[in-house]
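Everything on this sheet refers to the single structure shown next.
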Amino acid sequence: MLIAAVVALLAVSVNASSEDYIIEEEFANVTCGSGIKLQHKSTSFRLHSHAIAYGTGSQQNSVTGFPKGDDPNSVFVVHEAFGEKPCKRGTPFRCGSTIRLKHLETKRFLHSHMHESPLSKQQEVSCFSDTTSDGGDNWKVICLASGDTTWKREKDIRLQHVDTGKYICSSKSFQFRHPIPGQLEVAASVKANGDTVWTVQEGIFFSSESN
């Protein structure tokens, strides 16, 4: 198998339209090992983390929505689910797959649990542990585009936390102040609504091709 990679302009503007470029078919899928940026559909903020801990709840690394598209702290690497065999780089993820997202900069996994989120009082979402993983890191990819069988770039999805059944969400109604002013709370919601829709935008994408 020949492994090819394409860089989809990590520094592209938040307001860039998908009409500005054409995604080649071989790079249309989100695949194992891809480094992705997830954009929140209704706010255009990117899923984001950093070495800043919550002051309440778990006190693990906070996860937020970030307004700009060119920040490296918004890159997450897609891995197989906890408890599964390592996936092969370039393998597409099917709709309904369970995955983990590892924050590129801090090496911690996107995580949720029964702690309360600080602003909306929903379920906290954090980034946790750079040495171990567990079932709290598992997220189910729910594709929203009719007819899709694999997870596609720029197609709407929801991420459902496997352990609790809640959906990762954000809203401009819940905005942090110091020390991360302007960033939005990211939490997990019991409701699947407009606040729980995301799309993969910029990233580094791998494709497997047969010789």
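For reference, each letter of the sequence shown is one residue, going -16 to -1, 1 to 195 in mature numbering (1 follows the signal peptide of the UniProt record, and there is no 0).
Glycine residues also receive a C-beta, built at the ideal position from the N, C-alpha and C atoms.
A quick note: this is a predicted structure, and the numbers were derived from the prediction, not measured.
* **Complete alpha helix (DSSP H) runs within the region 58 to 106 (minimum length 4 residues, chain order)** => none
* Asked: For residue 169, does the count of other Cβ atoms within 10 angstroms reach 16, so buried, or fall short, so exposed?
  -> buried
* Among the residues of its own chain, which have a CB less than 6 Å from the CB of residue 151, if the five just before and after it don't count? -> 142, 144, 173, 176 and 180
* Span of the beta strand (DSSP E) around residue 38 -> Unbroken run through residue 38: none, as it is neither H nor E.
* In the DSSP assignment, what are the bridge partners of residue 34? -> Paired residues: none, contrary to the question.
* Nearest candidate by alpha-carbon position, reference residue 178, set 91, 155, 167 and 85 -> 155
* Asked: Taking the beta strand (DSSP E) that residue 29 falls in, what are its first and last residues?
  -> That residue, residue 29, is in no beta strand (DSSP E); it is neither H nor E in DSSP.
* Asked: Of the residues 42, 190 and 50, which one's Cα is nearest the Cα of residue 25?
  -> 50
* To do: For my contact list, residue 112 and residue 84 are in at a C-beta cut-off of 8 Å; report their separation, rounded to the angstrom.
  => Their Cβ separation, rounded to whole angstroms, is 11 Å, which puts residue 112 and residue 84 out of contact at 8 Å.
* Distance between residue 47 and residue 32 (C-alpha atoms, nearest Å) -> 6 Å
* Consult DSSP for residue 9 and reduce its assignment to one of helix, strand or coil. => helix
* Compare the beta carbon distance of residue 72 and residue 187 with 8 Å and say whether it is the shorter of the two. => no
* How about residue 82 and residue 123: are their beta carbons less than 8 Å apart? -> yes
* Along the beta strand (DSSP E) that carries residue 125, what are the first and last residues, could you check? => 123 to 127
* Asked: Taking the Cβ atom as the reference point for each residue, do residue 42 and residue 190 lie within a distance shorter than 8 Å?
  -> no
* Asked: Considering only the beta carbon of each residue, do residue 104 and residue 171 sit closer than 8 Å?
  -> yes
* Asked: Pick from 76, 59 and 98: whose alpha carbon is nearest that of residue 89?
  -> 59
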